[in-house]
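Note sheet for the following structure.
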Amino acid sequence: MSQDPARVAVIGAGPSGLYAAAALLTSEVPVSVEVLDRLPAPYGLVRYGVAPDHVKMKSVIRVLQKPFDPALVEFLGGVRVGTGGIGLDVLRQHFHAVVHATGSAVDRGLGVPGEELAGSYGSGEFVSWYCGHPDFVKLDPPLDHPGVAVVGAGNVALDVARVLARSAAEMAATDVPDRVLDALRGSAVRDVHILIRRGPQHVRFTPAELRQIGDLADADVIVHDDGLLAAGVAEPEDRRQKQNLAMLTEWAGGAGGTAPRRVHLRFLRSPVRLNGENGRVSSIVVERNRIDEDGRVVGTGEEETLAVGLVVRAIGYAAEPIPGLPFDAATGTVPNDGGRVLADGVPVPGEYVTGWIKRGPTGVIGTNKGDANETVAALLADLPGLPPPTRPEPAQLREALAAAGIRPVDWTGWLRLDAEEIRRGGMREAERVKVADLAEMLEMAHGT
Ligand code: NAP
């Protein structure tokens, strides 16, 4: 007698969710997997977080799409779980287990005065804007001022700075929506100031990404380190930090250049407030820091003001709490043990997490593979003891979605939208041009 497959829902079709879906297919017991995403397009952070000019990095979608191609896994796009969509309690009636892979979408704040002014953004919203996320494509951040401040010393800060420093011709060859390209074409930005609170030996950039800043066709890099590098910085043990330091030392000794744009790496500077005029950012005040005898960064009380019309803080993310699941506000993650969701230290049957919502916003895309494998191993080990769903037939889920007024986009629907984006790309000599209007995305996916 054949065994009915256990039903697992993966919420979130980004890299962490899709690695989990692939891992579920390695199960020895039959498992049927459905991947839900609130957007009609899959790939999450690869589509809406990886910088548009990082075309090679996006090729990971060839791996991520594999389970959908032979239809081993179902895609249910345009399905929001939670408020305004289908409730998690309803979803649980249809599945033995649910894997939450919804990432970390909330921008952390600096907690300084003026942060709420127009022209001040978290990197999550700013990156989502240029990546053509339907919720943010109309953000239209002001690019009418020559100065921009980007706060943070991680790869997201580099992505933001690079996109702002690239020429419009370079950006036309990427997948940014036409609306974004038009804004970049009209950009008055000349000086991008990356504000780094610690020293050159502490940055979290990866060397390959830092090198790209030095290789920009239309921008020079200027290092502002108060002579720290020339005086000699103790060699870090970490190989990547050593590479970063060598690059920064070389740039610090450079003679500058005549490129139309400049990326300033300003070390030992912490933002203390944003000033505004008519409700809009007009400058950012930074406090100079020093490194004390114990290697700690301490403020000197000395302030500097930079004239900027746009501030982007790239200082990390937190997950959005999931109604019905516990949440740790301090870490911005769902408490878990190896992917098993914990409530008061006890596993919640059938609830799992993977990716940034599980471990926090760290690591590269590939990090999510091992992370998903760990979660799925826990899930498969638990499966024999999990209570069966009360409404296990796939048709019953479709009925519940219809009752909630949701018409899901299946894989074929996504492929229709995908083909249209590739066609539009051909008109701009890009691999694709994203469709960023949600209604238009749905129309294309449904072929209406
Ligand atoms: P991140 O690497 O954690 O960097 C965050 C930065 O924000 C740190 O430099 C941190 O400084 C700084 N920061 C935090 N709070 C601050 C404050 N109050 N004031 C000033 N600075 C503050 O985070 P991320 O850049 O958002 O990247 C997230 C993850 O995605 C990382 O693992 C990253 O490598 C990865 N990623 C990879 C790529 C790529 O491979 N191309 C691209 C984008 C992102 P301290 O160091 O002093 O704490």
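Numbering of the sequence shown is given in the working numbering, commencing with residue 34 and proceeding in unit increments.
C-beta atoms are modelled at their ideal positions from N, C-alpha and C, and glycine is treated no differently.
Cβ neighbours of residue i in the same chain (closer than 8 Å, five flanking residues each side left out)
i    : result
A138 : G157, Y350, A352, E353
L191 : I227, F238, E242, L243, Q245, I246
D443 : E107, F108, L109, G110
E464 : V88, D208, I455, G458
V145 : P304, V305, R306, L307
R230 : A186, L301, R302, S303, N322, V330
L261 : G232, P233, F300, L301
Q274 : Q234, H235, V236
V189 : S156, V160, A347
Cβ neighbours of residue i in the same chain (closer than 6 Å, five flanking residues each side left out)
i    : result
A411 : G371, G372, R373
P368 : P359, D361, L375
M34  : Note on M34: pLDDT 41, under 50, position unreliable in the model; the coordinate value appears next. Contacts found: none.
K402 : Y52
A198 : V225, L249, A252, R294, V296
V345 : Y154, S156, F159, V183, V193
G312 : A151
L416 : A39
beta-carbon residue i near ligand 1 non-hydrogen atom, thresh 8 Å
i    : result
S153 : no
M90  : yes
Y350 : yes
D192 : yes
V305 : no
S156 : yes
H288 : Residue identity check: residue 288 is Ala in the sequence provided, not His. No, the beta carbon of A288 sits no closer than 8 Å to any heavy atom of ligand 1.
A84  : yes
A363 : no
N401 : no
H87  : yes
G529 : Outside the shown range of the chain (34 to 481) lies residue 529, about which nothing can therefore be said.
E242 : yes
G328 : no
G185 : yes
N188 : yes
L150 : no
R323 : no
G77  : no
H226 : no
T239 : yes
G396 : yes
R141 : yes
I255 : no
G357 : no
I483 : Coverage of the chain is limited to positions 34 through 481, which leaves residue 483 absent and any answer about it impossible.
G388 : no
G120 : no
V236 : yes
R199 : no
Those residues which DSSP pairs with residue i across a bridge
i    : result
Y501 : Beyond the ends of the chain as shown, which are 34 and 481, falls residue 501; an answer cannot be given.
L339 : I317
L69  : I44, L109
R373 : D370, Y385
P380 : L375
G180 : D224
A39  : V64
I119 : V114
V468 : DSSP output for V468 lists no bridge partner at all.
V344 : S153, A182
D361 : T366
V442 : G110
7 Å Cβ shell around residue i - same chain, five flanking residues per side excluded
i    : result
L278 : P233, Q234, V266, P269
A55  : K99, P100
F169 : E158, S161, W162
I348 : R141, L143, V184, G185
P382 : L419, P420
R449 : M477, A478, G480
V466 : D208, P210, D211, E454, R457, G458
Any non-hydrogen atom of ligand 2 within 8 Å of residue i CB
i    : result
I246 : Ligand 2 is absent from the structure shown, which contains only ligand 1.
Subject >> Cβ contact check for the stretch 159-174 and the stretch 207-225: 3 or more pairs under 8 Å >> reply: yes
Original post:
Is there contact between the stretch 427-437 and the stretch 172-179, where contact requires at least three CB pairs shorter than 8 Å?
Top reply: no
**OP:** Scan the stretch 217-293 and note each continuous beta strand (DSSP E) run of 3 residues or more that stays entirely inside, going in chain order.
**Re:** 224-228, 252-257
**OP:** Please list the segments of the alpha helix (DSSP H) lying wholly inside the stretch 80-114, counting only runs of 4 or more residues, in order along the chain.
**Re:** 94-97
Subject >> Contained beta strand (DSSP E) runs [length at least 3] in the stretch 290-335, N- to C-terminal order >> reply: 294-299, 302-310, 313-324
Subject >> Complete runs of the alpha helix (DSSP H) confined to the stretch 124-177 [at least 4 residues] >> reply: 156-163
Subject >> Segment contact, 8 Å Cβ cut-off, at least three pairs: the stretch 284-298 with the stretch 117-135 >> reply: no
Original post:
Should the stretch 331-347 be called in touch with the stretch 180-188, which here means at least 3 C-beta pairs below 8 Å?
Top reply: yes
Original post:
Counting Cβ pairs closer than 8 Å, one from the stretch 35-44 and one from the stretch 113-129, do we hit at least three?
Top reply: yes
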